[in-house]
Amino acid sequence: MEVKVGPHVYRIILAKGIVRDEAGDPYCGLTFFDHQTILISGQLKPSKRLSTLWHELVHAFAYELDIAQSDTHDEESMCNLIGLAMSQLDAMTLARLHVYMLQGIDCDAVMMSPKLEQPIPVLQLLSDQKPSRAC
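Counted the way our numbering counts, the sequence shown spans residues -4 to 130.
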């Protein structure tokens, strides 16, 4: 699934297992700015996946808006950042992200069964592939 973050399009991948950084440390989610990719652990409960996605999207928007990491961000600047991020995500994108995080079904790439009755979750189709940082 893809979503526009500032001037770039980020790929969002619901990973089958735990998401790990290059040191092997586990995370609920990670954002790779150089590759415009966000990985979310599929082992999380659906509601935790969704909150982790929002967390990672705020990181992506902060990066794309060139907001330096600092402890000096006040409440107003963080609210402005989140407001700007959310304003760029239209209702259809929000709905698609919601389905992807809660059900693991990518609305943009869903494949239908031969009888066109049941959508097949993308995670089922890609279960043998490991997520990578390279695009």
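Here a beta-carbon is modelled for each residue, glycine too, at the ideal position from N, C-alpha and C.
- Closest option to GLU17, judged by alpha-carbon separation, among LYS11, PHE27, SER36: PHE27.
- Per DSSP, GLU59 lies in no beta strand (DSSP E) segment; the continuous alpha helix (DSSP H) that holds it begins and ends at 41 to 59.
- Within 10 angstroms of the beta-carbon of GLY37 lie 16 or more other beta-carbons, which makes it buried.
- Less than 8 Å separates the beta-carbon of GLY1 from that of LEU60.
- The continuous stretches of alpha helix (DSSP H) do not include LEU84, and DSSP gives it neither H nor E.
- ALA90 carries a helical assignment under DSSP once its states are collapsed to helix, strand and coil.
- The residue among LEU84, ILE100, LYS11 with its C-alpha nearest the C-alpha of ALA55 is LEU84.
- In terms of Cα proximity to LEU92, the closest of LYS11, LEU39, GLY19, LEU52 is LEU52.
- Shortest Cα-Cα distance from LEU25 to any of LYS11, LEU48, SER42, LYS40 involves LEU48.
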